[in-house]
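Before any comments, here is the structure.
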Amino acid sequence: MNEQNHRDGKFWAGFFLGGLIGAVTLFFLGTKEGKKTGKMLEKKGQDILDNLQDKKDEIIEKLEDKKEDLTEQAADKLDDALSQIEDLNEKTLKTTANLRKVFKNLPKKKN
């Protein structure tokens with residue numbers, strides 16, 4: 000019995016929804032006012048789509064600018080790091096050369 004009520008409820012919901020869709024379709028396709036309203040809705044929908052496209056283009060442009068800025072910053076930081084590594088390498092080589100001289104000049108220990 001409960002299953003029968005459930006099916007009846009679905010039937011009436013579908014029946015009501017179908018009637019509503021039919022009425023809306025009749026209004027938009029069968030009356031001058033409906034056609035006018037349909038064209039207005041279509042125009043507003045197109046305006047909204049155009050606006051969204053403009054916003055999307057703005058966002059993409061901003062993201063590309065940001066990407067370029069971040070890429071430049073990363074390249075600058077990498078250049079700085081490489082320069083510091085080169086300086087450190089030079090200092091290490093000089094220190095190593097000086098230490099070799101110091102150790103070379105030390106008297107050798109006799110056994």
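Positions 0 to 110 (numbering that gives the first Met the number 0) are the ones given, in order, by the sequence shown.
Don't be surprised by glycine CBs; every beta carbon is placed ideally from N, CA and C.
What is the residue span of the alpha helix (DSSP H) that residue i lies within?
i	result
T142	Any answer about residue 142 is impossible in this case: the structure gives the chain only from 0 up to 110.
Going by beta carbon distance, what residues of the same chain come within less than 7 Å of residue i, once the five residues before and after it are set aside?
i	result
F10	none
S82	none
Are the Cβ atoms of residue i and residue j separated by less than 8 Å?
i	j	result
F27	G33	yes
Following a CB-centred definition, is residue i positioned closer than 7 Å to any heavy atom of the ligand SAM?
i	result
A73	Ligands in the displayed structure: none, and consequently the ligand SAM is not present.
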